[in-house]
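Chains A, B and C, in that order, give the protein sequences. All residue numbers for the first sequence refer to numbering that gives the first Met the number 0, where the first residue is 0 and numbers rise by one. All residue numbers for the second sequence refer to numbering that gives the first Met the number 0, where the first residue is 0 and numbers rise by one. All residue numbers for the third sequence refer to numbering that gives the first Met the number 0, where the first residue is 0 and numbers rise by one. A short write-up of the structure that comes next.
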Amino acid sequence: MANQAPNKAQQRLSQVSNHLSSGSHSNALPSGGLGRDALLEKHPDDVVVTCAIRTPFTKGGKGPLRDTMAADLLALTFKNLLSRSKIDPTLVEDIATGCVLAPGGGATEYRAAALVAGFPESTAVRSLNRQCSSGLQACVDIANQIKTGMIEIGIGSGVESMSTQYGPGAVTEFSDLLENHMEAANCKVPMGVLSEQMASDRKVTRDAQDAFAASSYQKALKAQEQGLFDKEIMPVTVQYTDPKTDETKEVTVTKDDGVRPGITAQSLGKIKAAFSKTGTIHAGNASQVSDGAAAVLLMKRSTAERIGQPILGKYITASVVGVPPLLMGIGPWKAIPVALEKAGISKDEVDIYEINEAFASQCVWCLNELGLDEKKVNPKGGAIAFGHPLGCTGARQVGTLLHELRRTGQKIGVTSMCVGTGMGMAAVWVAE
Amino acid sequence: MAYPTQDALYDVAHSEVHSNHLLTASGDGSLRLYDVSLTPEFPIATFQEHSREAFACSWNLTSKATFASSSWDGNVKIWNPERQQSLLTLPTHSCTYSTQWSPHTDGMLSAVCSDSHLRVWDLRTPASANNHLILQIPIHSAPFSVSNAMLQPTFPPSEALTHDWNKYRQGVLATAGVDRIIRTFDIRQPKGPLQLLQGHGYAVRKITWSPHLPDLLLSASYDMTCRVWTDGGGDQRKPAAELGNMGRHTEFATGVDWCLFGNEGWAASCGWDERVCVWDVRAFMP
Amino acid sequence: MADALCGPSNALQSFQKHSQADRSLQQDRLIGSSQPPAQGFRTFDPRVGSLDAEFHAFENAPTNPFQLEQPAWRHGAPPRQMAPSALSWASDFQNLRVSESPAPVSQFRTEAPLVRNAPGGWQQEFMRQRESPTALGKQKQPEISSFAMSQQSFLPFTASASLVPQQNGIYQQDTMSQQLNATKPQLHEADFERAFQDAFDQMDSMDAQLKAADEMTEEGHDPLMEESLIQEPSQMKIGSDAIEYTEVQDRTIDQDARDANALARVAGELVQNVDHETNEKFKNSQFLDLMRRIRDREVEVRNNDLENTHLQTDATEKQLEHSDLRPHDPNTFQFPDMNNVYRPDETIDTAADDSFVYQPAEPRTQISDLHPGGPLYPEQSPPQPRHAQMSGAVNTSVSADDTILEAHEPQGFEAWTFPAKSISQDLVGETFQDADTAKWVPWPEAHTGMVDIADIWNHDADVDVDTKPAARKRLPSDAEAGDCWRAAVYASANGERTHEEGTLKEVEDKKKAKFGDEEQGDYQGHEHVQS
């Protein structure tokens, strides 16, 4: 009996401990009450965002960031993140960076960028590519690493220099094997063509698209004028060669240059369609080509409180789904309900949706099909107005969403986007 | 009168046939029967078959000649107090915190286990491959009433710690456990719970239906409170709700029961604060 | 249903049947039936219970294998004559409920069930509740119940169908009227017969449906089917099932040592589970305080009891703890306090030498910096200064969250410039082979056929066509250019060599040739992509 006692006591204590474990929400879901109230509860093992910033987005090939390499944009963003958050860089254990166009995934130069930015060699770096959702995937990966205890503090980020890195090398040519499989071959049909077809198939009218696009411009303009992007944008100073004068100069970029005044549905209605004479998609109702980078600092709530990091919000859960490659634009429509179900809330309990505006056609279709209140969607505009640096957008949305939720005193938000080759991704966040 | 025991006692049940007889379930796996009218401090019978902690004992409410016990060793056993050996062993293969006889149907009993399942046995059935098991409901399954457009939440499995048969409504059971939710089930509708009663901050250790009203139940929880609930009485238009909250315990509240013979709302609860609180439920219902 | 027992069958077929079986069937055992109702036939009905008396009659059929004699050993028990199966306090409740009369308190106070053992049993109880009992009530009901139990064929089902309210079209109406009757103190033969007739009719129609898909047999239960219906719960163990269990006889001293650590660890986990709790009661909980002390090894389990460790300042005890060489008596084994075992030798470091500060050499990692107490002792981790010093960081003393955010933008931001070297000019001057002409063309003209793209960018874009219609006509707008570019990016990124004239169209044609027309949309006019 004597040597049995500790074991037995330990077993019974383990049992009681298990009984109590439900109070601490050790998994993503609140194991007890579901729904909005449960999501808003704070627990020490929540994965929280303590800093979310980005560079300004500037027009691809033309804007002031056009000569800055992706890795440099990333390094600038990391540097800004460190200066804004004041976190000791040695505490950051891992960095994930989403990018789409970089040859080799950018793995080498992003590691170098982290070192340049002031992270020690002990901070690990990786790059990843899930097309347009790479930035979100990076944040989710880091959040999951924190959740499982693999790391304590990490950065999810995304970057794209569309000015410097598009080109024939971004995708290897399809083999005959792929070419001869229809659904596989569909993966390389250009997205504009896809979205055009989807617009006609799903009867999204040009008027609806133009109205949506114009409202994106107008919302973004208003937000910019009111300084609503100030909390997420941190200026960068770069070298820029004026293509007209060939003059190289140093400029400090402080705001998105894609946002323009005076755009209305009527003015957009006069632009010639891009992909088809009878088509509906044109440059004004599709996302802009841009350069930019964004980064999100993530850690456990207990850690954030311990090291005095301000908590902007927390990560709840995420979903990724597949859709037919030819219908890639419907990704959010399929991904958002999955994420909401995982979070245990209904679509009406979400205060703000940040849904990437790859094309107005797919975005409008998704909103209609999901029955979302358009006032809740992209309140500060979206990629149509200020650009879609492919790998960066997912990380950008986190900051855009959380700062807006905080500003308006709202709580629950969703970020989502369609993904080329037929996928969708969505994540649920709660601002604090 | 006090009876010293070698190990912790997890449950106690009055004999249904003898008002002086008291059955205990012990941490060493034994079940002991005491006669409170006798002075010796030894039990009048000991039933030792469970290999680990015996968590529950329950006297057959209908035939009254047998009782059941459940244990961490993953078995429910049926005993006759006259016999040293158990009459029957019903394996659950999971730590079984609670076993209860149906108050309505003779030979029917149920248990809830760590594996998040509610099991029902009918001893009238032939002992087939299922060993009298007629029902096995995943407690964590999505609620049954799926009529509204709202997405039904899904739950991860979690340990079920307690359950009880409704004394009035045939086939209605309530279960509760680590996930802090009290659920009601109708075994005629085994697809999922009828009602979810939420409010406890930690695991619910004990629930018991009122002997006087068909919709009222009491719960005791690790959150150190005992609460009174209504499940709407089976009428789905009536909301399930928490009616009252008794927070006098200063440690985990682990047991609660109604007074059968006193006033209608009287209840007693116990907890790790080494106290038994006797209270009137109505005094805690605002 | 169970056609495995008669007639040809195969495994797949029976599996299919199993998987299609209505699980609500399981409950039908309650009422002695094994006949499969139609899918979804039995749904939840909140009015269940209004026919309790009949149900009760059925339930008390004398088939319980565990009805044993009264315990012979009991002393001083009142000589009560028991009729265990016929009576119970629950049945009192039921009967009272049927009669819709509130249960008087006295019913519960006087161990009623034990006293009431009139030979009439339930029947008498039942009749007593009714103003006008008929002879039928006495005769028919036992017949139903015994029949139901003894024969597992069609009839039990009909009996059960009449006893349990069900929801199925016309039938439901009938059962509802039956319920209404039941709540009134009158019950006539006609009611029963009508119920039976209805049930039979219902059965017949169901039979017809079922026969199309399934062959009825007379056998009631298929054990195999039962087995498959009761599915094993998932193999993943949770809670107490996941707690490792070691048989006493298999235990070793090593395990004891591990147990002591494990106990402290478990206590730590337990404390951590309630760590976020703000409730005063949890803060004041003696149990949780004990757990903290066990976690911190201030208290240990020794000889089945809890003992304080640190309070024992007895010299010999201390010495024992210091020397890890005590004989390991398995009965009196006590775990050395690791804090004492590894405590610096105080005999060397005397108080006289104040300058020497003992620094334990510990592996230093990022996490151990952050959490000196390790994951189990998070509260030992000191709060870090709010703004840790950082290379190149801007030092500003700001405290509130929002002020931090605002203080740095844009005034607070210190320009941080890259060396000019890193600005890429790599592509400028590079040449690319234009797919269209197969010539090598300098960047960026070669890329996508968008030879004017630079001009487009340089052009002051204007989507407002009202002011500059001509410009729009000649050159796409700024945003249009972007779009063209993107289209080209994807086209080229996808390896389609789309830069030459009509490439997309050719691709489409190729695809059509390959896959046929059905999947191809009307992709007309790709000129814009190229221009």
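Using N, Cα and C, we set each Cβ at its ideal position, and we do this for glycine too.
- For the pair of segments examined, the stretch 67-83 of chain A was found to touch the stretch 110-126 of chain A: the number of CB pairs separated by less than 8 Å reaches three.
- At a cut-off of 8 Å between beta carbons, D288 of chain C makes no contact with chain A.
- By the rule that beta-carbons nearer than 8 Å mark a contact, N272 of chain C touches chain A.
- In this structure, A69 of chain A sits near A101 of chain A, with a CB-CB distance shorter than 8 Å.
- S57 of chain B: member of the beta strand (DSSP E) spanning A53 to W58, first to last residue.
- According to DSSP, L64 of chain A shares a beta bridge with no other residue.
- The criterion of a C-beta distance shorter than 8 Å is satisfied by L86 of chain B and N79 of chain B.
- Across the structure, G191 of chain A and A264 of chain A are spaced so that their CA atoms are roughly 20 Å apart.
- The criterion of a C-beta distance shorter than 8 Å is not satisfied by G380 of chain A and A293 of chain A.
- Under the Cβ criterion (8 Å, minimum of three pairs), the stretch 245-265 of chain B counts as touching the stretch 219-233 of chain B.
- Setting aside the 5 residues that flank it on each side, F154 of chain B is surrounded in the same chain by H139 and D178, each with a C-beta closer than 7 Å to its C-beta; the list follows chain order.
- Of the candidates C:G238, C:E268, C:T277 and C:Q271, the residue whose Cα lies closest to the Cα of E40 of chain A is C:T277.
- Chain-order list of chain B residues neighbouring I237 of chain C: S113, D114, S115, P156, S157 and E158, by C-beta distance under 8 Å.
- Against M223 of chain B, the close residues of chain C are N278, K280, F281 and S284, in the order they occur along the chain (beta-carbon pairs closer than 9 Å).
- Annotation: E306 of chain C has no Cβ neighbours in chain A at a cutoff of 8 Å; minimum Cβ distance is about 12 Å.
- Identification of chain A residues near E297 of chain C by a Cβ-Cβ cut-off of 8 Å yields none; the smallest Cβ-Cβ distance measures about 16 Å.
- With a contact defined as Cβ atoms closer than 8 Å, V298 of chain C and L305 of chain C qualify at about 5 Å.
- Taking all protein chains shown into account, R294 of chain C has 16 or more neighbouring C-beta atoms within 10 Å of its C-beta and is therefore buried.
- The beta carbon of E15 of chain B sits closer than 6 Å to those of W58 and K63, all from its chain and outside the five residues before and after it, given in chain order.
- Of the candidates A:V429, A:K346, A:Q217 and A:T49, the residue whose Cα lies closest to the Cα of E304 of chain A is A:T49.
- Below the 7 Å Cβ cutoff, chain C contributes S239 as neighbours of W71 of chain B, in chain order.
- The beta carbon of V227 of chain B does not come within 8 Å of any beta carbon belonging to chain A, so the residue lies off that interface.
- Put simply, the backbone Cα of G103 of chain A is about 20 Å away from that of A394 of chain A.
- Per the DSSP secondary-structure output, Q361 of chain A pairs with nothing in a beta bridge.
- Excluding its 5 nearest sequence neighbours in each direction, D214 of chain B has C-beta neighbours in its own chain below 7 Å: T229, D230, G231 and G232, listed in chain order.
- In the three-state DSSP reduction, T279 of chain A falls in the coil class, being neither helix nor strand.
- Here the C-alpha atom of Q10 of chain A lies approximately 14 Å from the C-alpha atom of L19 of chain A.
- Interface residue (Cβ-Cβ distance to chain A less than 8 Å): V255 of chain B is not classified as such.
- Of the other Cβ atoms in all chains shown, 16 or more fall within 10 Å of the Cβ of V203 of chain A; this residue is therefore buried.
- DSSP, read as helix, strand or coil, puts H20 of chain B in strand.
- Taking Y352 of chain A as reference, the option from A:K374, A:M298 and A:G59 with the minimal CA-CA separation is A:K374.
- From the beta-carbon of S93 of chain B, the residues of chain C found nearer than 7 Å are D240.
- Within the stretch 172-204 of chain B, contact with chain A at the beta-carbon level (separation under 7 Å) is assigned to V177, D178, R179, I180, Q197, G200, Y201 and A202.
- As the crow flies, the alpha-carbon of L262 of chain C is around 10 Å from that of L269 of chain C.
- At a Cβ-Cβ threshold of 8 Å, P331 of chain A and A425 of chain A count as neighbours.
- Looking at B:G243, B:D256 and B:Q194, the one whose alpha-carbon comes closest to that of K237 of chain B is B:Q194.
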